[in-house]
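*Asks:*
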Amino acid sequence: MFNIVKNVGAIVQIEETKIDYQTFRLHYICTVGFLLVFFIVITVSQIVGDPIFCESQDDTRQAINSYCWMHSTYVIPKAFFKEVGKDVPHPGVDGTQDPKEFFYLTYYQWVFFILFFQAVCFYIPRLLWITWEGGKMKTLTKDMNNVLLPEPEFRERFLALRRYLVKTWTAHDVYAAKYFFCELLTLINVVLQFFLLDLLFNGKYLDFGVRIIKFYTSAQYIREMNETQSVKGDPLIMLFPRVTKCIFRKFGKTSTIEIKDFLCIMSLNAINEKIFVFLWFWFLLLAVLTIITLLMDYFLMVSPVIRAYALQTRFYLVDHKAIKKLVRKGSFGDWLILDMIGQNIDHSVFRDLVPDVAKGITEYYKKL
């Protein structure tokens, strides 16, 4: 178990060299970390604990548990709106025998696989960006954050970085386009995750969070909670019922088929409900933040003024005239590479670098 957790930590660790921004990191660090931890919790709970426990008075209990786990249990949707203790023994369970009224729960065998699949999906944009970026930023800023580097070596690296920026200014649009595509991919992915889970939960997940908020803030919930511990129509219990039913068939003593109806306790749903409530709100937050980030990228692309302001705000020690000159002569791709470099080297070094590059670009273009 310790080795598994250690490996998860290695996957979601933050690299020293920054090649992306905070919202992008939320997808491949926080989200992947959450999903892998949930995957481990669910997998261990299934292996070590009893994910399902069906009532039985004979020696077939283990067979019944295995059968009901593999072939799915069911609930009666209308029974969620009946009074527990008076009309029904548990939410979603009553004496209905009409198969047309049964709603089968088929998701719980797939939860651990879906969580792992989602973790992989959230890491794909990161993997793609690492491949396309190719260690460029690490090469450009190597040891430039180390102010204790020997002066000759530090000066050599400083001049090499300056020379690169001067000669390649206006040549970073492809770099920026690849990064923007990866950011767009994160938004597409998080939206698709909603539809994937909605498919898993039979069309009951897209508005899941909205229904939870409406229910738990309703006057009905507040009133009934003061009277009883069970409230009718709880969307959380409806999607993740604690008690379900299972039909088990076997041959009797006279070789006739016996049909038995068992109540099953879904202990794993106590964990599932918390995981998927959290994921609904987390995915929504991710989607909103990613949309805001993409809109900001768009404004940075179309407006040199906004690009200059963004650099001046982040690197307030740098000469504003030099920043405006570089932004005026460059594109969004050049702004991106300069901003990334600024985040990976010492601010005092960046303060000296920007005016030097601006001067070098002016002289370079005069010679052309």
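Residues 10 to 377, numbered by my numbering, are exactly what the sequence shown covers, in order.
Note that CB positions come from ideal geometry on N, CA and C, so glycine has one too.
These numbers were taken from a predicted model, which means no experiment stands behind them.
Which term fits residue 342, buried or exposed, when burial requires 16 or more other beta carbons within 10 angstroms of its beta carbon?
*Replies:* Within the sequence shown, residue 342 is the residue found at index 333, counting from 1. So residue 342 ends up on the buried side.
*Asks:* With residue 68 as the anchor, note down where its beta strand (DSSP E) starts and where it stops.
*Replies:* Locating residue 68 in the sequence shown gives position 59, where the first residue counts as 1. Segment: none, residue 68 is in no beta strand (DSSP E) and carries neither H nor E.
*Asks:* Can residue 379 and residue 195 be called in contact, C-beta distance under 8 Å?
*Replies:* No information on residue 379 is available, as it lies outside the stretch 10 to 377 that the chain covers here.
*Asks:* Report buried or exposed for residue 285, applying the criterion of at least 16 other Cβ atoms within 10 angstroms of its Cβ.
*Replies:* Start at 1 with the first residue of the sequence shown, and residue 285 comes out as number 276. Flag for residue 285 reads buried.
*Asks:* Based on the DSSP secondary-structure assignment, which residues constitute the bridge partners of residue 80?
*Replies:* The sequence position of residue 80 within the sequence shown is 71, counting from 1. Answer is none; residue 80 lacks a bridge partner.
*Asks:* Please report how far the alpha carbon of residue 249 lies from the alpha carbon of residue 311, in whole angstroms.
*Replies:* On the sequence shown, residue 249 is found 240 positions in, with the first residue counted as 1. On the sequence shown, residue 311 is found 302 positions in, with the first residue counted as 1. Straight-line Cα distance between these residues: approximately 47 Å.
*Asks:* My assumption, with CB atoms under 8 Å, is that residue 90 sits in contact with residue 212. Please give the rounded CB distance.
*Replies:* In the sequence shown, the residue the question calls residue 90 occupies position 81. In the sequence shown, the residue the question calls residue 212 occupies position 203. So it is not a contact: roughly 19 Å between Cβ atoms.
*Asks:* Which residues does DSSP list as the beta-bridge partners of residue 268?
*Replies:* Residue 268 sits at position 259 when you count from the first residue of the sequence shown. Bridge partners of residue 268: 258.
*Asks:* Determine the DSSP secondary structure at residue 52, reduced to helix, strand or coil.
*Replies:* Numbered from its first residue, the sequence shown carries residue 52 at position 43. Residue 52 falls in the helix class under three-state DSSP.
*Asks:* From residue 114 to residue 94, what does the alpha carbon distance come to, in whole angstroms?
*Replies:* Here residue 114 is taken as the residue at index 105 of the sequence shown, counted from 1. Here residue 94 is taken as the residue at index 85 of the sequence shown, counted from 1. Whole-angstrom Cα-Cα distance: 23 Å.
*Asks:* Out of 240, 142, 330, 125, point me to the one whose CA is closest to residue 224's CA.
*Replies:* For this step, residue 224 is matched to residue 215 along the sequence shown. Out of 240, 142, 330, 125, 240 has the C-alpha closest to the C-alpha of residue 224.
*Asks:* Under the rule that 16 or more other beta-carbon atoms within 10 Å means buried, what is residue 10, buried or exposed?
*Replies:* For the purposes of this step, residue 10 is taken as the residue at position 1 of the sequence shown. Confidence is the limiting factor: at residue 10 the pLDDT is only 47, short of 50, which leaves the residue's position unreliable and the question unanswerable from this model.
*Asks:* Inspect the beta-carbon positions of residue 178 and residue 339 and report whether they are closer than 8 Å.
*Replies:* Indexing the sequence shown from 1 puts residue 178 at position 169. Indexing the sequence shown from 1 puts residue 339 at position 330. Contact flag set, yes.
*Asks:* Just to confirm my understanding: we take residue 155, look at its own chain, exclude 5 residues before and 5 after, and list those with CB closer than 7 Å. What are they?
*Replies:* Position 146 of the sequence shown holds residue 155. Counting only Cβ-Cβ distances below 7 Å, and skipping sequence neighbours, we find nothing.
*Asks:* Using beta-carbon positions only, say whether residue 316 and residue 309 come within less than 8 Å of one another.
*Replies:* The residue you call residue 316 lines up with position 307 of the sequence shown. The residue you call residue 309 lines up with position 300 of the sequence shown. Contact: yes.
*Asks:* Taking the alpha helix (DSSP H) that residue 248 falls in, what are its first and last residues?
*Replies:* Counting from 1 along the sequence shown, the entry for residue 248 is found at position 239. Where residue 248 is concerned, the enclosing alpha helix (DSSP H) stretches over 244-248.
*Asks:* Can you give me the Cβ contacts of residue 124 inside the same chain, cut-off strictly under 6 Å, excluding the 5 residues immediately before and after it?
*Replies:* Here residue 124 refers to the residue found at position 115 when the sequence shown is read from its first residue. Excluding sequence neighbours, residue 124 sits near 44, 47, 48.
*Asks:* Does the distance between the C-beta of residue 26 and the nearest non-hydrogen atom of the ligand FMN fall short of 7 Å?
*Replies:* Ligands are entirely absent from the displayed structure, and the ligand FMN is therefore not among its contents.
*Asks:* Select from 293, 218, 109 the residue whose C-alpha is nearest the C-alpha of residue 454.
*Replies:* For residue 454 there is no data in the structure shown, the boundaries of the chain being 10 and 377.
*Asks:* To which residues of the same chain is residue 395 closer than 6 Å at the C-beta, ignoring the five residues directly before and after it?
*Replies:* With the chain running from 10 to 377 in the structure shown, residue 395 is simply not present.
*Asks:* Starting from the C-beta of residue 147, find all residues in its chain whose C-beta is less than 7 Å away, skip the five residues before and the five after it, and write them out in chain order.
*Replies:* The count along the sequence shown starts at 1 and reaches residue 147 at position 138. Closer than 7 Å at the Cβ level, and outside the excluded window around residue 147, lie 26.
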